[in-house]
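One structure is given here, and the rest of the page talks about it.
Protein chains in written order, with our numbering: chain A, 20 to 318; chain B, 299 to 376.
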């Protein structure tokens, strides 16, 4: 049995691992990927100590720090269940089962999906959740961005430079996000903004060739080869049994990162802690580890 | 004899960076195609993999989509 298992290796999980290593805990990190959302971030200017660093570079630094303690990291292992059983916490994954005195859930958030017909079928066949990654493949093609917040606008900024024509399909009455970015998009000649519009299906043959949109009560077909989904994030918290969550499905924690279940701690974007920032997540990871350390020492 | 390995990627996608790092860590020599500025290679990638997500690996004709560590290890025998 381990003292501690950390689920996730974004800023929260990695920072927790650094603290656990320095406390000489017997622990394990189990994670699908390394870096979490930070790996997908572009330019970062608000992580103290770095006036400018890219997401992948910052993750590289985090990773180097984590592995400098010879930490055991099970990468590519997806956790399917975390549950309290008597005095211990069970962690089941796609490959194994583990037991620990304490667990820190630092599993972050993932892109929200549209939930319309065609979405699963055409994932990676025209549908993308990462404009930065896949955008360049759509040069001189028509694309649609779904969403109207900051991440949708960021995607739009990138795509108007690459694509032939960009539709922004926004279900709100107007675009949100930063006024400055909004203005730059509105001034572009190759963009059309559809407010109060909702995607009802993604259509195609081998690859995407159109989206069906409900626009002011009327059905409209837009001929596009790319669909970029930017409609926000949802917490990766479904696998944690019995923990209390808020209305956004984030795990509720107190100021010591304790959930309602003794021995199960949580940190970072998966929790209800306000301000989803890399540096906040890292700090929360440190706090969670110190709390888990004290808990494990007493149990 | 080392296998012929091609990587189709874009510069900033995290999985592309990780897959290339993984290959380097295992001393695998590979050809790196940046499909964001090579239209022909982009088309070639889509044709080979039947999809548009990066990264795509071509290991002697075996196509692997994404950073599928186990499959890559198996294919390369590392």
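Glycine included, every Cβ here is placed at the ideal spot set by N, Cα and C.
- Around the Cβ of residue 246 of chain A, a 10 Å sphere holds 16 or more other Cβ atoms; the residue is buried.
- The beta carbon of residue 184 of chain A lies closer than 8 Å to those of 161, 162, 209, 210 and 211 in the same chain, with the five residues before and after it left out.
- For residue 144 of chain A, the residues of chain B that pass the 7 Å Cβ criterion are 349 and 350, in the order they occur in the chain.
- Take residue 154 of chain A, set aside five residues on each side of it, and the residues of its chain with a beta-carbon closer than 7 Å to its own are 177, 178 and 181, in chain order.
- Per DSSP, reduced to three states, the secondary structure at residue 349 of chain B is coil, with no helix or strand assignment.
- Residues of chain B whose Cβ lies closer than 9 Å to the Cβ of residue 156 of chain A are, in chain order, 308, 333, 334, 340, 343, 344, 350, 351 and 352.
- Each residue's CA atom was taken as its position, placing residue 171 of chain A and residue 127 of chain A some 20 Å apart.
- Where residue 177 of chain A is concerned, the enclosing alpha helix (DSSP H) starts and stops at 169 to 181.
- Annotation for residue 347 of chain B: 354, 361 and 363 place their beta carbon closer than 6 Å to its own, counting only its chain and skipping 5 residues before and after.
- The distance from the Cβ of residue 290 of chain A to that of residue 263 of chain A is about 11 Å, inconsistent with a contact at the 8 Å cut-off.
- For residue 226 of chain A, the nearest beta carbon of chain B is closer than 8 Å to its own beta carbon.
- Here the alpha carbon of residue 91 of chain A sits roughly 8 Å from the alpha carbon of residue 46 of chain A.
- Rounded to the nearest whole angstrom, the C-alpha separation of residue 330 of chain B and residue 257 of chain A is 38 Å.
- For residue 250 of chain A, the closest of A:244, A:188, A:293 and A:260 by C-alpha to C-alpha distance is A:188.
- Residue-level contact by beta carbon holds for residue 75 of chain A and chain B, with a gap shorter than 8 Å.
- With fewer than 16 other Cβ atoms from the protein chains shown falling within 10 Å of its own Cβ, residue 327 of chain B counts as exposed.
- Here residue 196 of chain A carries a coil assignment [DSSP, helix/strand/coil].
- Between residue 362 of chain B and chain A, the shortest Cβ-Cβ separation is not below 8 Å.
- With contacts defined as CB atoms closer than 8 Å, residue 108 of chain A and residue 121 of chain A qualify as a contacting pair.
- Per DSSP, the continuous beta strand (DSSP E) segment holding residue 129 of chain A begins and ends at 128 to 130.
- Per DSSP, reduced to three states, the secondary structure at residue 141 of chain A is coil, with no helix or strand assignment.
- DSSP, read as helix, strand or coil, puts residue 114 of chain A in coil.
- Per DSSP, residue 41 of chain A is one residue of the alpha helix (DSSP H) stretching across 30 to 41.
- With respect to residue 152 of chain A, residue 344 of chain B sits apart: the two C-beta atoms are not nearer than 8 Å.
- Taking 7 Å as the cut-off between beta carbons, the residues of the stretch 31 to 54 of chain A near chain B are 54, in sequence order.
- Between residue 229 of chain A and residue 248 of chain A, the beta carbon gap of about 15 Å keeps them out of contact (Cβ cut-off 8 Å).
- Residue 105 of chain A and residue 303 of chain A have their alpha carbons spaced roughly 27 Å apart.
- Rounded to whole angstroms, the gap between the alpha carbons of residue 169 of chain A and residue 195 of chain A is 7 Å.
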